[in-house]
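Visitor:
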Amino acid sequence: MERGTKPLHEIPPPPPRFDAHREDNMRNDILKGQWKQLQGRVKQAWGDLTDDDLARVEGNWDQLVGKIEERTGQMRMDIENRLSDIVDQYNESTAVNRPVTE
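In my numbering, the protein residues as written are -7 to 94.
#1: Pull up the distance between the alpha-carbon of Met52 and that of Ala87, whole angstroms please.
#2: What are the start and end residues of the alpha helix (DSSP H) that includes Thr86?
#3: Kindly indicate the opening and closing residues of the alpha helix (DSSP H) around Trp53.
#4: Could you check where the alpha helix (DSSP H) with Asp43 kicks off and where it finishes?
#5: I'd like to check one pair, Leu41 with Leu30: are the Cβ atoms closer than 8 Å?
#6: Give the range of the alpha helix (DSSP H) segment to which Glu39 is assigned.
What follows is the structure, given as structure tokens:
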């Protein structure tokens, strides 16, 4: 074995590959599952959205981001970051009321 090299069993595996499709499906599932509760927060964050806009996207992450992009001209990444924050804040606020189960 060469100096400075590690045996194969000591080399950590590479990090998992980012699966954008899986990530999108997960975000859609989360958003759709909480859509009724999150609509008000989304509309508060982006007042340019109409009730009709929100009804048409039905909690679909990509459609919602696209509609916000269309209405506001904001960058997609900025919208996704803000939307993730809204979902996280909602989850944190509702976690306080959840019973702890083990």
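Every residue, glycine too, gets a C-beta built ideally from N, C-alpha and C.
Guide: Taking the structure as given:
#1: One point to set straight first is that residue 52 is Asn, not Met, in the sequence displayed. The straight-line gap from Cα to Cα measures roughly 23 Å.
#2: Arg68 to Ala87
#3: Trp53 to Thr64
#4: Segment Asp43 to Val49, the alpha helix (DSSP H) holding Asp43.
#5: no
#6: Per the sequence presented here, residue 39 reads as Gly, with Glu not at that position. Here Gly39 belongs to no alpha helix (DSSP H), and DSSP marks it neither H nor E.
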